[in-house]
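Participant: Residues -24 to -1, 1 to 977 in mature numbering (1 follows the signal peptide of the UniProt record, and there is no 0) are what the sequence shown spells out, letter by letter.
Just so it is clear, CB atoms sit at the ideal spot from N, CA and C, and this is done for glycine as well.
All of these numbers come straight from a predicted model, not from anything done at the bench.
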Amino acid sequence: MYLQVFSSHTIALLVLLDTTAVLGELSWKTYPINGWDAITEMDEHNRPIHTFQVCHVMEPNQNNWLRTNWIPRQAAQKIYVELRFTLRDCNSIPWVSGTCKETFNLLYFETDEPQGANAHFHPNDYAKIDTIAADESFTQTDLGDRVLRLNTEVREVGPIARKGFYLAFQDVGACIALVSVRVYYKKCPSTLRNLAAFPDTVPRVDSSSLVEVRGACVENAEERDTPRLYCGADGDWLVPLGRCVCSIGYEENDNLCIACRPGFYKAFAGNIKCSKCPPHSSSHTEGSAQCHCEKSYYRTSKDPPTMSCTRLPSSPRNLVFNINETALFLEWTPPSDTGGRKDVTYNVFCFRCGADGQACEPCNSNVRFIPRSTGLTSTSVVVQDFVVHANYTFQIEALNGVSGLGRSERQLANITVSTEQAGPSLVGVVRKDWASQTSIALSWQETEQPHAAILDYEIKYYEKEQEQLSYSSTRTKSPSVIVTGLNPSTVYVFHVRARTIAGYSSYSPKFEFATGDENSEEAADQGQVLVIVTATVGGFSLLIILTLFLLITGRCQWYIKSKIKSEDKKRTQYQNGHVPFPGLKTYIDPDTYEDPSQAVHEFAKEIDPSRIRIERVIGAGEFGEVCSGWLRIPGKKEIPVAIKTLKGGYTERQRRDFLRESSIMGQFDNPNIIRLEGVVTKSKKLSAFFSILKFHTAVLKEVSYAQQGRPVMIVVEYMENGSLDSFLRKHDGQFTVIQLVGMLRGIASGMMYLSDIGYVHRDLAARNILVDDNLVCKVSDFGLSRVLEDDPEAAYTTTGGKIPIRWTAPEAIAYRKFSSASDAWSYGIVMWEVMSYGERPYWEMSNQDVILSIEEGYRLPAPMGCPVALHQLMLLCWQKERSRRPQFNDVVSFLDKLICNPSSLLTLVEDVNSFPESPEDMPDYPLFISIGDWLDSIKMSQYKNNFIAAGYTTLDSISTMSIDDVRRIGVSLIGHQRRIVSSIQALRLQFLHVQQNGFHV
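1. Which residue or residues does DSSP assign as beta-bridge partners of PHE470?
2. How many angstroms separate the CA atom of ILE950 from the CA atom of ILE960?
3. Is it buried or exposed for LYS660, if we count other Cβ within 10 angstroms and need 16 for buried?
4. Determine the direct distance from the alpha carbon of GLY191 to that of ILE234, and round the result to whole angstroms.
5. Return the bridge partner residues of ALA618 from the DSSP annotation.
6. Can you list, in chain order, the residues of its chain whose CB lies under 8 angstroms from that of TYR626, leaving out five sequence neighbours each side?
7. By DSSP's criteria, ASP13 is part of a beta bridge. Which residues make up the other side?
8. Would you identify the three-state DSSP class for GLU787, choosing helix, strand or coil?
9. Return the chain-ordered list of same chain residues with a C-beta closer than 6 angstroms to the C-beta of GLU832, the five sequence neighbours on each side being excluded.
10. What are the start and end residues of each continuous alpha helix (DSSP H) run of 4 or more residues lying completely inside the region 837 to 893, in chain order?
11. Closest to PHE80 by C-alpha separation, out of PHE325, ASN39, ARG782, would be which residue?
12. DSSP puts LEU154 in a beta bridge; with which residues?
13. Which residue or residues does DSSP assign as beta-bridge partners of GLN360?
14. If the criterion is Cβ atoms closer than 8 angstroms, does the pair THR414 and ILE435 meet it?
15. With DSSP run on the structure shown, which of helix, strand or coil describes LYS660?
16. By how many angstroms is the C-alpha of GLU337 removed from the C-alpha of SER638?
17. Just how far apart, CA to CA, sit VAL679 and SER379?
18. Which value, in whole angstroms, describes the spacing of the CA atoms of CYS236 and GLY315?
19. Is it buried or exposed for MET18, if we count other Cβ within 10 angstroms and need 16 for buried?
20. Considering only residues of the region 154 to 185, which uninterrupted beta strand (DSSP E) runs meet the minimum length of 3 residues and lie entirely inside it, listed in chain order?
21. Return the bridge partner residues of ALA109 from the DSSP annotation.
22. Use the C-beta contact count for TRP71: other C-beta atoms within 10 angstroms, 16 or more gives buried, fewer gives exposed.
23. Are the CB atoms of ALA153 and THR27 nearer to each other than 8 angstroms?
24. Would you mind reading off the limits of the alpha helix (DSSP H) that contains ALA417?
25. At the level of alpha carbons, what is the spacing between VAL133 and ALA(-13)?
26. Compare the Cα-Cα distances from GLY611 to each of ASN298, THR355, ARG64, SER586 and report the closest residue.
27. If you drop the 5 nearest sequence neighbours on each side, which residues of the same chain put their C-beta closer than 7 angstroms to that of PHE305?
28. My output table needs one value for GLU815: the three-state DSSP class, helix, strand or coil.
29. Taking only beta-carbon positions, decide if ARG632 is within less than 8 angstroms of chain B.
30. Just reading off the alpha helix (DSSP H) that PRO338 is part of, what are its end residues?
31. Determine the closest residue to GLU441 out of PHE644, ARG158, SER465, with distance taken between C-alpha atoms.
32. One question on the structure: do CYS326 and VAL343 come within less than 8 angstroms of each other, judged by their Cβ atoms?
33. Buried or exposed, going by whether 16 or more other CB atoms sit within 10 Å of the CB of MET728?
34. Taking only three categories from DSSP, how would you classify ASN294?
35. Within the same chain, show all residues whose beta-carbon is closer than 8 angstroms to that of PRO175, passing over the 5 residues directly before and after it, in chain order.
36. Checking 8 angstroms against the spacing of the C-beta atoms, do VAL30 and CYS76 come in under that value?
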């Protein structure tokens, strides 16, 4: 016996017996001896042909047996017997109609060992496999023509339990010739699938059951999911599951993992190709997991291996200062060479220098830096509580993520500052001179070394029990004051600051004093004096007021009305519990002024147009063109600005509407709010020369800035990177999560400031956020009530104008209830825009569908790569009950914690295996009937055939798809990949929600 393997694709046949391949005699046994005849002939290749023939058709009751030698079964459980034979038609043989047969029997007998040569033959030991009949038989004519009809029959036998078996052929009166016999069994051959090796496997006898086989990963590969194949009854490999992936430093090639070549690397296990080393790095050996940096270039432990090696930054540039009242502003531009990194920070070092060339010493701890002196991410810092009439030297150091790895010299920029022009010093100790039940008399020393006369003092006070919730203030020209209208037996906190023509000093430290009780004699006596003094002063004041009222003209009435409205608004804010931080002014609506131009003059600085140099047109606004240019400030360098212009032929109303935004912006002072430099309204003649520049291939038109010789402009700071939405789309995927959170933190900080002073934005969206070259985001576009009518995003009209539906809270859409809470809803949409790199909220859904979906509880799913913490903050902002939405100070605090703890941003929504917690029930995401309906709903129906061809036919089947799966089925556009994966995540969360709550889809 011998073993021969025939394989076809994944099926292997292991031959136990093949008479055509036996070179010697077969030595099969016949019973009786003269029954079957063995005939051996040679073919044209001189190979033997073994045949057995029997043809005793003339004699009745034939019982001729032919038995093979013992055949070991090897590993077979079921065997196959292939017979090739000829059989003569009985009708072609005369006089044998009663004795001739046209069939024979196939039988087998199992034994553990071969029988001896002298063993007796017992037909009863053999079990019948089948009766074999010919499909085609031959006749006498065929013999004359030498054309024999060969039949082939295959029978299967099993299960085989013993170590071997005999086959037997029983003739009962046929005329047959057995040409060849082949005995074999089937197996699933060893194979490589998904980088795993599977051994030879013999199938089970039961054709309905499969053999599960676990594979072993090939060399330099590791399991991602346990690799498995199933061996079918016919020797087929079926149902591949699991996979292996090439280890770090190896890539897949023809089902093997081969090492990366020198100059290439692979940092992560997976079936991806080796990548070329990033700039300024190289690998010199095979199988490199990362590339090593060149000399003077570095990579931090947190930098991904895909990142280029970087170096230390150069020193900051163009360091300038500006003193405003008691604050010293230091500003600089980033280094010309950031070392190839974005994580540039700055440290500020302060030294106080003596006169006459004395050595400089580090500043004492009283000098404060806002926001801080180290680890600054912006290119500016505010210095407070410095000494007036002193010289300071400030050094700015630039660092980046690899500054601690290089041994180069510190890169510093220096500037010397004199504080002669600063505001007054802090007020010193405040004393209580006396107190009554409702009054307290205070006094203090005048400030030291005032470089200008003290104009007055401001006293801020509030009850200690109600600290910082609300406060009152009063003014006095002398260093003393009597504060009246207080509550008996109550402790009050007082702060005092001075004002000169240079501005205010900082507030003094707090001082606590109590009013007297009802039993205080001093209080009673002083109370009587106070009543007399108050009555006298009140009567005199009333007389003055009546006199002025008789003399006042109608021309002043509008101003009084506007102030009354302003004070009413402030009182309303205090009553509602909303009080701005101490020192912040309350926003005053310009519409409360009877003459809006008065608001412009009060809040915006007038600029001489000769100080403006316009360079080029960068856009178009509602009222005219928007240009970039430069503003010359006396004694300082030019600063870049953006200039909004009013087109020629304007009406007076257009002029008022145009300038309205400046009267709003002029009230704001925050690093995350676009800064108003000033306006041009009064000049009768345009003295500046506006050049006509060629930009690219277009020749810019000369801008018409004047009507009847009077230019009208609004000048604001220039933001190099433009609007946030277009900036993100342009740099899709290029920022880290921390950088994106930093942008969101800046927006939230600006909105917190607006909320604190009582301003509601109404149109917060990424298109209305501007970005400078340091990625600082600033809130802009404060003309909503003016421009909403022409806003293309405002496609849904309600009473009073159009609303940007996709960004607006439900109560603002339905009832025009705008508040800081509705701004918080809009901020959640801005978060989604930032994390999706400028994707359009709600995609191609119509505005009406957006309104209905939100009302039914739908909320935008997390963008791809969005941390769970940020999506939860979005969901909080999208609470239906506006009172449950976070305030902006809570948002800023939360984002600060995330920035300080970056590990909290590592958990992504797509990695979450359980339903995320939320302060209210998770809103239902829409469930669809079929894959086609789902793709139609997200406007991705063009990929319907891709999903179906890949075997994804139900929603259950797509719920586990990853971004790699989406790419694999043929979705190549990044935006489409994001949209599909985001929707899959939403469906996955919905399925989890359904399972946990026991609902049925």
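Facilitator: The short version:
1. For PHE470, the pairing in a beta bridge is given by DSSP as TYR437, PHE487.
2. In a straight line, the C-alpha of ILE950 is about 15 angstroms away from that of ILE960.
3. Per-residue confidence for LYS660 stands at a pLDDT of 46, beneath the threshold of 50, marking its modelled position as unreliable; no derived number is given.
4. As the crow flies, the alpha-carbon of ILE234 is around 19 angstroms from that of GLY191.
5. Paired residue(s): SER604, VAL692.
6. These residues qualify, in order along the chain: PHE599, PHE634, GLN683, VAL688.
7. Answer is GLN29.
8. Of the three classes helix, strand and coil, the one that applies to GLU787 here is helix, per DSSP.
9. Excluding sequence positions up to five before and after GLU832, its CB lies less than 6 angstroms from no other CB in the same chain.
10. You should have 844 to 853, 864 to 876.
11. Comparing Cα positions, the closest option is ASN39.
12. DSSP output for LEU154 lists PHE28, PHE61 as bridge partner(s).
13. The bridge partners DSSP lists for GLN360 are ARG344.
14. Not closer than 8 angstroms, so no.
15. Its pLDDT being 46, under 50, LYS660 is placed unreliably by the model, and nothing is read from it.
16. Approximately 44 angstroms between the Cα atoms of the pair.
17. Note that VAL679 has pLDDT 38, beneath the 50 cutoff, so the model's placement of it is unreliable and no number is given.
18. About 29 angstroms.
19. MET18 comes out exposed.
20. If we require 3 residues or more, the beta strand (DSSP E) runs fully inside the region 154 to 185 come out as 167 to 169, 172 to 174.
21. Looking at the DSSP assignment, ALA109 forms a beta bridge with THR79.
22. Exposed.
23. Less than 8 angstroms divides the Cβ of ALA153 from the Cβ of THR27.
24. Unbroken run through ALA417 is the beta strand (DSSP E), 416 to 420; no alpha helix (DSSP H).
25. So the two alpha carbons sit approximately 18 angstroms from each other.
26. Closest in alpha carbon position to GLY611, among ASN298, THR355, ARG64, SER586, is ASN298.
27. So the list reads PHE297, ASN298, SER356, VAL358, once near-sequence residues are dropped.
28. GLU815: coil per DSSP, three-state reduction.
29. Note that chain B does not occur in the displayed structure, where there is just one protein chain.
30. In the DSSP assignment, PRO338 falls outside any alpha helix (DSSP H) and lies within the beta strand (DSSP E) extending over 336 to 338.
31. Of the candidates PHE644, ARG158, SER465, the one whose C-alpha sits nearest the C-alpha of GLU441 is SER465.
32. In this structure, CYS326 lies near VAL343, with their beta-carbon atoms less than 8 angstroms apart.
33. By the Cβ neighbour-count rule, MET728 is buried, with 16 or more other Cβ atoms within 10 Å of its own.
34. Residue state, collapsed to three classes: strand.
35. Same-chain partners within the cutoff: SER166, VAL189.
36. Cβ distance not < 8 angstroms, so VAL30 and CYS76 don't count as in contact.
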